[in-house]
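Last residue of the sequence shown? That's 1028 in the working numbering, and every number before it is there in order. This report refers to the structure that appears directly beneath it.
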Amino acid sequence: MPLLEPRPRALAPLAPQEPAPDRVPAALAEGTPGPLRRELSALLGAEKVLWRISDLVRYASDASPYRFVPQVVVVAEDIDDVSAVLSYAHGRGREVVFRAAGTSLNGQAQGEDILVDVRRHWSGVQVLDGGARARIRPGTTVVRANAALAPYARVLGPDPASAIACTVGGVVANNASGMVAGTARNSYRTLASLTFVLPTGTVVDTADPRADEELRHAEPALCEGLLALKAEIEADPALVARIRHKYTIKNTNGYRLDAFLDGATPVEILRGLMVGSQGTFGFISEVVFDTLPLDRRLSSALLFFPSLSAAAAAVPLFNEAGARAVELMDGNTLRASVSVEGVPQDWAELPRETTALLVEFRAFDEAEQEAFERAAAETLKELELVQPVASVTNEFTRDARTIGRYWKARKAFVTAVGGTRPPGTTLITEDFAVPPSRLAEACEALLELQEAHGFDAAVAGHAAHGNLHFLLAFDAAEPADVRRYAAFMDDFCRMTVDRFDGSLKAEHATGRNITPFLELEWGPRATDLMWRTKQLIDPDGVLAPRVVLNRDPEAHLHGLKTIPRVEAEADPCIECGFCEPTCPSGDLTTTPRQRIVLRREMMRQPAGSLVGENLLAAYGYDAVDTCAGDSTCKIACPVGIDTGALMRDLRHRRHSPREERVAALAARNFAAVEVSARLAVAAADSIGTRLTASLTGLARKAVRPDLVPEWLPEMPGAARRLPPTSRSGAAAVYYPACVNRIFGGPDQDRGPTLPEAVVTLGARAGKPVWIPDDVTGTCCATPWHSKGYEAGNTVMANRIVEAAWAWTAGGSLPLVVDASSCTLGIAREVVPYLTDDNRRLHAELTVVDSIVWAADELLADLVVLRRAGSAVLHPTCSMEHLGDADHLRTVAEACAEEVDVPDDVRCCAFAGDRGMLHKELTESATAREAAEVTRREYDLHLSANRMCEVGMDHATGRSYRSVLLELERATRP
């Protein structure tokens, strides 16, 4: 046993609550039942079968208000795996549900038996025909697909607010649309072809000219049945008219019966039916979209109205003027949005009745943009707008940053409002559509209904298309509150159908919470056709049998998840999943959402339960140890939840008092630690990588893997002495980070070190820098901060601020820092640990990253004499926090003719030394970026942090270096 074994009990929730009614049962405490686990492992390989209780729990929750615990999770790698699972399910009478991003709001990606993860191994984009089309794998996020299309000035039609996280497969399976798509740009209308696997395992590529012939050979009864249903529908003119009418507005409730009208052959019919089928007809393995022009010239305004009805009444005017988007946000939504970064804080004071419209015109060229702006100006003359708070302007703008803030507030609707819900309540997101001409009337009716049932919902939506969303919060653990919700749903659904002939699900798909009301909207004739279609395609009911169709009138009340209170940092989480694509550990252990989901399940369990104990035992490695602590989840989260901070707090909680004392001692004596570390690196360099790796491996076993780093072959040698500088005439104080004082650069003795390059560049540009003589023994405090050593963090945080204050003559000179993580540490992360006096000193400091210094202060005075052909960049996560990534590109473009940033770039997870403590974390985090980087040759591989460069070296086999080293070479006389 290691000498310093961690204390897992220290991770137990601090404030146990009453056991929850929806807690995971004790029968699942050991995870997947043995026979099921063994059979699937033999069929697919053990590495593809997730069976531990922690695996089942983390996959049990998604963005919906429901929670169903699977019996097993399969991570499918290819179509063969999917076909094998389907065949197994048929033979054993089991059920299968496919899950990608888990951003669905109605529970359609949850299953109680075999859940298949089709996100991890299913990403990729191939741009076709100069951008006119795109072939996309189902696990690809919409943002990632659009990034690949952006150089061609093209974009996908569907544009859901969850584009940062939702995957293309889910978008197609739900026929999700978004702010602009409406009924003309959704998946059904813009899909060129798709490849899918039927429940029988038959694979169909609708683009294959022989597809119908092959399908008739493989599935003759299916082909015959589809054509028979088509003939039956077409023989009923009233039914045909009804089906066509239902899709004149947005509608994703039930199956696309118009596929029988639009398709002439079985394959064409199936192509339409698969869209919006919510995983109940088959698995979509690939899609080809017809893309649309990306109109880059934007004119946008956030216009404030005295009431919801007044705003709704203005929508037709902007539609007529040619607005591409008209988005509505009511007073509750606007006030909740103050939790979103960049939103004016005075929105918190907006009157409850205030409603805003986000109106946007998108144009191809200047002339068209000016024409739209004239039309908008004329429309404004007809409106009575209000300015209830100082930040409201009610003016159109072209400013990209302002427009970005408007959209950030709008897209954060669910998460921002959800984050302000009463603690312990479950969030329901409803989504309906009415004819756009009746939007104002529908808004009034909705407000009346909410008041009658005691709800104060938040309302937002795609007003241009008559599509509204609203959020309700109630306590799923309280039967009376569930009954109140049920009564509201009964009245709401009848109002939408009987009064407005509307759609009960406009774009979120039926899921589990509208299945009891499907027949209310569609009537018995059409609903019967949907049941028969499901029976025809999936006669054994293998695929998601209780999604879309369910005869239980209370199906929407089963499986509602309770939301136990957890740590304050994470408690606002509504489990939306926006954080997951950015998380470095997502493909290795857990994501931020899953870390919170696991905490909540611990809270649901009674004290001493075996489920709780097994979750706790796995949590140390799965959640705490393998969190990179980069906090990019905070950037992705619309309400800024920092799960990384929670994990750092849990690391602190797990430390023994002795460990905390040792860490604080290291901080107080860091000068000796620094010198010793540099000598150790030099010694390792001299004795060789193999022996050093063996020695560190033995030490990791004896002490603890999370305390002793593993020596990697890519580790550089020891740093040389810092170059001499003078304080006299210095334009800035240069602070070489301790990592650059300990480790050498990629060229070792063959070229300048990073400190030498920074000093040289400053002198070359006429802005010399000064390195203080006493930098040894100081640090940005990040090593203590990232590991949760609070005492050591406090010691070093105060030391660096006091030193920087003295070096910069009270803040009169900027402090230039040559590692982005250290810049972030000194600029922001030290602040909570400072004394009151030092916090005041810190406020006077100007902390600048060396890349920003070079881009803003040096480049204009440097002469570039030579440039490389191509460069690929790795922007660090710290640069993303600081907003400095554009500066990295600016400097790189001075050094290379062509500069690329990989579409799949994210935090490398090296995180100082975490990539040496858990190299598997960096290997997993960088896998997609490395694949993209190594697909072609680049002359340069550039970044802005030495340890991130080492991590990328390890991941790619290429040699990464600071962009400033290359700038020095490019401008060297």
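Here a beta-carbon is modelled for each residue, glycine too, at the ideal position from N, C-alpha and C. Being a predicted model, the structure only gives us computed values, none of them experimental.
Use the C-beta contact count for H524: other C-beta atoms within 10 angstroms, 16 or more gives buried, fewer gives exposed.
-> Residue mapping note: residue 524 aligns to position 469 of the sequence shown, counting from 1. Buried, by the Cβ-count rule.
Look at the alpha carbon of P57 and the alpha carbon of A721, and state the distance between them as a whole number of angstroms.
-> Numbered from its first residue, the sequence shown carries residue 57 at position 2. Numbered from its first residue, the sequence shown carries residue 721 at position 666. Interpretation of P57 is limited by its pLDDT of 44, a score under 50 that renders its predicted location unreliable; the figure taken from the coordinates is listed afterwards. If you take the alpha carbons of P57 and A721, they lie about 21 Å apart.
Alpha carbon to alpha carbon, how far is V621 from A67? Give it in angstroms, no decimals.
-> Counting from one through the sequence shown, the residue named residue 67 turns up at place 12. Counting from one through the sequence shown, the residue named residue 621 turns up at place 566. The straight-line gap from Cα to Cα measures roughly 11 Å.
Could you check where the beta strand (DSSP E) with R961 kicks off and where it finishes?
-> On the sequence shown, residue 961 is found 906 positions in, with the first residue counted as 1. Looking at the DSSP string, R961 is not in any beta strand (DSSP E), and its letter there is neither H nor E.
Through-space distance from S446 to P810, alpha-carbon basis | Within the sequence shown, numbered from 1, the residue matching residue 810 stands at position 755. Within the sequence shown, numbered from 1, the residue matching residue 446 stands at position 391. Roughly 45 Å separates the two Cα atoms.
Grab the span of the beta strand (DSSP E) containing M770 for me, first residue to last.
-> Your numbering for residue 770 matches position 715 in the sequence shown. Run containing M770: none; DSSP gives neither H nor E here.
Cutoff 6 Å; reference R352; Cβ partners in own chain excluding five residues on either side = Reading the sequence shown from its first residue, position 297 is the one you call residue 352. Residues A418, Q424 of the same chain have their beta carbon placed closer than 6 Å to that of R352, with the five preceding and five following residues left out of the count.
Is the CB-CB distance between D184 and Q126 below 8 Å?
-> In the sequence shown, the residue the question calls residue 184 occupies position 129. In the sequence shown, the residue the question calls residue 126 occupies position 71. No, the pair does not count as a contact, with Cβ atoms beyond the cut-off.
Contacts around G1006, its chain only, beta-carbon distance under 6 Å, and the 5 residues preceding and following it disregarded | The residue labelled residue 1006 in the question sits at position 951 within the sequence shown. Only residues of its own chain outside the window of five on either side were considered, and among them C963, F965, G970, T977 have a CB closer than 6 Å to the CB of G1006, listed in chain order.
Leaving out five residues on either side along the sequence, give the residues of the same chain with a beta carbon under 7 Å from the beta carbon of R539.
-> Here the question's residue 539 lines up with position 484 in the sequence shown. Around R539: H508, G509, F529.
Name, in chain order, the residues that DSSP records as bridge partners for V813.
-> The residue given as residue 813 occupies position 758 in the sequence shown. Paired residue(s): none; V813 is not in a bridge.
Quick one: what does DSSP say Q505 is sitting in, helix, strand or coil?
-> Along the sequence shown, one-based indexing puts residue 505 at 450. Helix at Q505.
Have a look at A980 and S640 and give me their C-alpha separation to the nearest angstrom.
-> Mapped onto the sequence shown, residue 980 falls at position 925. Mapped onto the sequence shown, residue 640 falls at position 585. Each residue's alpha carbon lies about 6 Å from the other.
Quick one: Cα of Y310 to Cα of L701, how far?
-> In the sequence shown, counting from the first residue as 1, residue 310 sits at position 255. In the sequence shown, counting from the first residue as 1, residue 701 sits at position 646. Near 43 Å, if we compare the C-alpha coordinates of L701 and Y310.
Taking Cβ to Cβ, would you say G162 is nearer than 8 Å to R606?
-> Along the sequence shown, read from residue 1 onward, the residue named residue 162 stands at position 107. Along the sequence shown, read from residue 1 onward, the residue named residue 606 stands at position 551. Against a cut-off of 8 Å, the Cβ pair of R606 and G162 comes out as no contact.
Reduced DSSP secondary structure (H/G/I, E/B, other) of T320 = Here residue 320 is taken as the residue at index 265 of the sequence shown, counted from 1. Coil, per DSSP.
Where does E668 fall in DSSP's three states?
-> On the sequence shown, position 613 is the one that residue 668 refers to. Note: E668 maps to helix in three-state DSSP.
Beta-carbon proximity list for P771, same chain, < 6 Å, skipping 5 on both sides | Translated into positions along the sequence shown, residue 771 becomes position 716. Same-chain partners within the cutoff: F798, G799.
Following the continuous beta strand (DSSP E) through M550, name the residue where it begins and the one where it ends.
-> Residue mapping note: residue 550 aligns to position 495 of the sequence shown, counting from 1. Segment: none, M550 is in no beta strand (DSSP E) and carries neither H nor E.
Between the segment 470-482 and the segment 608-624, are three or more C-beta pairs nearer than 8 Å?
-> yes
Check each candidate in G237, L502, T452 and name the one with the smallest Cα separation from A380.
-> If you number the sequence shown from 1, residue 380 lands on position 325. For A380, the nearest C-alpha among the options comes from G237.
Presumed contact (8 Å Cβ cut-off) between V112 and V886, rounded CB distance = Here residue 112 refers to the residue found at position 57 of the sequence shown. Here residue 886 refers to the residue found at position 831 of the sequence shown. Actually they do not touch by this definition, with Cβ atoms about 36 Å apart.
State the start and end residues of the unbroken alpha helix (DSSP H) segment that holds V223.
-> Numbered from its first residue, the sequence shown carries residue 223 at position 168. V223 -> alpha helix (DSSP H) spans 223-229.
Would you list the one or two residues that DSSP bridges to Q181?
-> Here residue 181 refers to the residue found at position 126 of the sequence shown. Here Q181 is bridged, per DSSP, to R190.
With a cut-off of 8 Å on the beta carbons, I'd call V151 and V140 a contact; round off their distance for me.
-> Here residue 151 refers to the residue found at position 96 when the sequence shown is read from its first residue. Here residue 140 refers to the residue found at position 85 when the sequence shown is read from its first residue. Contact flag correct, Cβ pair sits at about 6 Å.
Under 8 Å, do S925 and Y1015 count as touching if we go by C-beta distance?
-> Your numbering for residue 925 matches position 870 in the sequence shown. Your numbering for residue 1015 matches position 960 in the sequence shown. In this structure, the beta-carbon distance from S925 to Y1015 does not fall below 8 Å.
C-beta neighbour in chain C for A542, strict 8 Å = Looking at the structure shown, chain C is missing, and only one protein chain is on hand.
Rounded C-alpha distance that separates T646 from L584 | Counting from one through the sequence shown, the residue named residue 646 turns up at place 591. Counting from one through the sequence shown, the residue named residue 584 turns up at place 529. So the two alpha carbons sit approximately 41 Å from each other.
Reduced DSSP secondary structure (H/G/I, E/B, other) of W462 | Position 407 of the sequence shown, counting from 1, holds the residue named residue 462. Of the three classes helix, strand and coil, the one that applies to W462 here is helix, per DSSP.
Taking R782 as the reference, give the member of A818, L997, L405, R122 with the closest Cα.
-> The residue you call residue 782 lines up with position 727 of the sequence shown. When each option's Cα is compared against that of R782, the closest is A818.
Tell me whether the beta-carbon of G473 lies closer than 8 Å to the beta-carbon of I629.
-> In the sequence shown, the residue the question calls residue 473 occupies position 418. In the sequence shown, the residue the question calls residue 629 occupies position 574. Yes, the Cβ-Cβ distance between G473 and I629 is below 8 Å.
What are the boundary residues of the alpha helix (DSSP H) that includes A718?
-> Your numbering for residue 718 matches position 663 in the sequence shown. Run containing A718: 712-723, per the alpha helix (DSSP H) assignment.
State the Cα-Cα distance for the pair G157 and N1000, rounded to the nearest angstrom.
-> For the purposes of this step, residue 157 is taken as the residue at position 102 of the sequence shown. For the purposes of this step, residue 1000 is taken as the residue at position 945 of the sequence shown. So the two alpha carbons sit approximately 34 Å from each other.
Express the C-alpha separation of A455 and R174 in angstroms, rounding to a whole number.
-> Reading the sequence shown from its first residue, position 119 is the one you call residue 174. Reading the sequence shown from its first residue, position 400 is the one you call residue 455. R174 and A455: Cα-Cα distance of roughly 32 Å.
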